[in-house]
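There are 2 protein chains.
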Amino acid sequence: MPPSGVKALFFDVFGTLVDWRAGVARHVELVLKPHGYFIDWMAFADAWRERYQPGMEEVRSGHIPYTKLDILHRRMLAQIAPRFGLEQLDGAVLDGLTLAWHRLDAWKDVPAGLARLRERYLIAPVSNGNTLLMCDLARRNNFHWDAILGADVAKDFKPKPMVYLAAADAFDLSPTQCMMCAAHSSDLISAASCGLRTAFIARPQEQPGVSETAPAALVDVIAESTEDLAAKLGA
Amino acid sequence: MPPSGVKALFFDVFGTLVDWRAGVARHVELVLKPHGYFIDWMAFADAWRERYQPGMEEVRSGHIPYTKLDILHRRMLAQIAPRFGLEQLDGAVLDGLTLAWHRLDAWKDVPAGLARLRERYLIAPVSNGNTLLMCDLARRNNFHWDAILGADVAKDFKPKPMVYLAAADAFDLSPTQCMMCAAHSSDLISAASCGLRTAFIARPQEQPGVSETAPAALVDVIAESTEDLAAKLGA
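Heads up: the protein sequence lines correspond to chains F and G, in order. Going by my numbering, the first sequence wraps up at 297, each residue one higher than the last. Going by my numbering, the second sequence wraps up at 297, each residue one higher than the last.
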C-alpha cells in the first residue's frame, strides 16, 4: 500500500531519470574526436562524476558560497583534464564539454512515467543541478515539471536538509506530503530524516557493478522504473 | 524589429495572462451564495485587488519579512470583509475564498500564445504570486513553463530590482537577454531600469476604464495579445 496523503513527488535527476554516463561519454567524444583525441570516454565520464561529491562538499561545508553546479562541473573538469592528457585544450573547448550535462537522455520509461504521475501528483526535480540545467534536460526529454526545485531554490546541495524542506515549502506542503524518488539510498535516507516519504527507483544500469540494485534503508516504495512507480502509487 | 539576443520571456500573470477580476468574482459568488450572501461580486474583487500593493509594500519596505502572496491575500481579505458585511464568516470560509486566486482563467489567446513562444524562447512567470499559486494557474490553463520564477525565488516583490535580476540569473542570462512582458507600465519601467527588454501586452479588459490601453513609457514591443507578441517576435 502506498502511503496516503502524498501530494508531490520530488525526483533526483542524474542517474535516477537520466543516463549521465553514456550521455557525457557521447558528448565528450563528439567534441574531442575532431581535435584528434582518443581516450576512454566512459572512464572520463566516471572520473568527472567522481569529483561530484567533493565539489559540492566545498559549498555544503561553508568553505565557498553557493555555486551553481554548471560552474562546479567546469572546475571539476579542469581538475581531471590533465589525467586524460587534455591539459592543452583551451578554455572555450572545456566550456563546450561542460554542456555535456545539459544534453543527457532520459531512461526510456521516464517521459511517459512522469506524464502519468503528473496526472495525480505535483512533480518537480529536487536535484543538485541548477535551474537552467534542469530546464535544458526537461526540454530535451519532454518532461513537464510543475516547478524546478532543488539546489538553486535552497542555495545549498543535497543531502543538506534545507534542500528537501525548501522544496516542500515551495508547494506549501508538509514534508510528509512529499515523496523523494531516487536511485540512491543516501538521498532517500536524508529525505526521510526530514520527514519526507521515499521511493527507491532501481537503476542498476547507471554504473554497472557500482549502482545499487536494492535500497540500503527502509523506504515506502520500491520501483523498477517511473512507470512501475506510477502503477504502485495508483497513478 | 524585435530586439535581438533575447533568450527568455518573463510574464506578469495577474491581469496580463489571467482575468483575476471575473475569476475572483465568480469564485466568491460560488462560495458565498450558499451562505445566503448577495453582494456586488465585481466590487468585492476590485476591493480585494486594491489591497494588493499596500499588502506587498509591507514586505518591500522591510516592515515584515517575505511572506507568500497567498498569506497576504488572506490578510487583505480579513481587512475588506467588514466592508461587505462578511465579518461573521468563519476562518475556514475565508480560507476557501482565498483559493479564488488559484482558480483564474487565462485570457483566451494565452495557452496557444505561450506554447508558440516557448518554441523559440525560455518562458517563465515573473509574478508576485507564490510558486504553488503559479503551478495551480498553469495546470488549470495548460501553461507549460520552463520554470516558476518571480517573488518566491527573490524573496521580495516586484517592482524591486532583485525580482527581475534573480529571474535572469536563474536562466544564466544577462538582463538584456530577457524580456519582461506585462500589461502594466510600472512593471515594465522597473524591468527596463534593470536592463531587461520590455513588451507591453494590452489588456484593456482587465479593469475597463482603469486599465492602460497603451504603455506609459518606451517599450521594445507593443502587442495586443500573446499571439500578437509571438508574431512580432517571429515565433
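Don't be surprised by glycine CBs; every beta carbon is placed ideally from N, CA and C. Model, not experiment: these values are computed from the prediction.
In angstroms, rounded to a whole number, what distance separates the CA positions of residue i and residue j?
| i | j | result |
| --- | --- | --- |
| A105 of chain F | R145 of chain F | 11 angstroms |
| F262 of chain G | C256 of chain G | 16 angstroms |
| C197 of chain G | P237 of chain F | 18 angstroms |
| R180 of chain G | L148 of chain G | 43 angstroms |
| A244 of chain G | R265 of chain G | 9 angstroms |
| E91 of chain G | L156 of chain G | 13 angstroms |
| D290 of chain G | G191 of chain G | 25 angstroms |
| L79 of chain F | F205 of chain F | 10 angstroms |
| H97 of chain G | D81 of chain G | 25 angstroms |
| A278 of chain F | G271 of chain F | 16 angstroms |
| G217 of chain G | G124 of chain F | At residue 217 of chain G the sequence reads Lys, which differs from the Gly that was named. Each residue's Cα considered, the two are about 22 angstroms apart. |
| A285 of chain F | A177 of chain F | 16 angstroms |
| Q141 of chain F | P173 of chain F | 34 angstroms |
| Q269 of chain G | Y226 of chain F | 41 angstroms |
| T160 of chain F | L139 of chain F | 8 angstroms |
| A297 of chain F | R182 of chain F | 6 angstroms |
| A254 of chain G | A109 of chain G | 30 angstroms |
| Q298 of chain F | S66 of chain F | As shown, chain F starts at 63 and ends at 297. That puts residue 298 of chain F outside it, with no answer to give. |
| Y128 of chain F | Q267 of chain F | 31 angstroms |
| T260 of chain G | T260 of chain F | 43 angstroms |
Is the beta carbon of residue i less than 8 angstroms from the beta carbon of residue j?
| i | j | result |
| --- | --- | --- |
| F76 of chain F | V188 of chain F | no |
| K220 of chain F | S252 of chain F | yes |
| A292 of chain F | A186 of chain F | no |
| D171 of chain F | S273 of chain F | no |
| R137 of chain G | A107 of chain G | no |
| R165 of chain G | H89 of chain G | yes |
| D208 of chain F | P64 of chain F | no |
| F233 of chain F | L280 of chain G | no |
| K222 of chain G | R113 of chain G | no |
| L134 of chain G | G153 of chain G | no |
| D214 of chain G | K95 of chain G | no |
| A229 of chain G | C240 of chain G | yes |
| E120 of chain F | I126 of chain F | yes |
Identify every residue that forms a DSSP beta bridge with residue i.
| i | result |
| --- | --- |
| M241 of chain G | G:L71 and G:R259 |
| K212 of chain F | Checking the sequence shown, residue 212 of chain F turns out to be Gly, not Lys. G212 of chain F pairs with F:S189. |
| L184 of chain F | F:A70 |
| F76 of chain G | G:V80 |
| A309 of chain G | Beyond the ends of chain G as shown, which are 63 and 297, falls residue 309 of chain G; an answer cannot be given. |
| A285 of chain F | F:I263 |
Restricting to Cα atoms, I'd like to know which of the options is closest to residue i.
| i | options | result |
| --- | --- | --- |
| A87 of chain F | F:H97, F:T78, F:I101 and F:L79 | F:I101 |
| A200 of chain G | G:K217, G:M224, G:A168 and G:D231 | G:A168 |
| Y99 of chain G | G:A245, G:K222, G:L176 and G:Q150 | G:Q150 |
| D231 of chain G | G:L156, G:A279 and G:L184 | G:L184 |
| G85 of chain F | F:R259, F:S66 and F:R111 | F:R111 |
| D132 of chain G | G:A229, G:R182, G:G158 and G:A143 | G:G158 |
| L258 of chain F | F:M224, F:Q267, F:A276 and F:Q269 | F:M224 |
| A276 of chain G | G:R178, G:P116, G:K294 and G:L250 | G:L250 |
| V68 of chain G | G:P127, G:V215 and G:L235 | G:L235 |
| A162 of chain G | G:Q115, G:V93 and G:P127 | G:V93 |
| M242 of chain F | F:A143, F:Q267, F:Q269 and F:L211 | F:L211 |
| L295 of chain G | G:G175, G:Q267 and G:A254 | G:G175 |
| W103 of chain G | G:A143, G:P127, G:A297 and G:E120 | G:A143 |
Does the ligand GTP have a heavy atom nearer than 7 angstroms to the CB of residue i?
| i | result |
| --- | --- |
| S247 of chain F | You won't find the ligand GTP in this model; it holds no ligand whatsoever. |
>> Give me the subset of the segment 155 to 189 of chain F whose CB atoms are less than 8 angstroms from a CB atom of chain G, sorted by chain position.
In response: L184
>> Short of 9 angstroms Cβ to Cβ, which residues in the segment 78 to 104 of chain F face chain G?
In response: Per Cβ criterion, the list is empty.
> If contact means a Cβ-Cβ distance below 9 angstroms, which residues of the segment 200 to 212 of chain G contact chain F?
Replying inline: A200, R201, H206, W207, D208, A209, I210 and L211
>> If the cut-off is 8 angstroms on Cβ atoms, which residues from the segment 230 to 255 of chain F count as contacting chain G, listed in chain order?
In response: A232, F233 and D234
> Going along the chain, which residues of the segment 122 to 151 of chain G sit with their C-beta nearer than 8 angstroms to a C-beta in chain F?
Replying inline: K130 and D132
> In the segment 265 to 277 of chain G, which residues sit with their C-beta less than 8 angstroms from some C-beta in chain F, listed in chain order?
Replying inline: none
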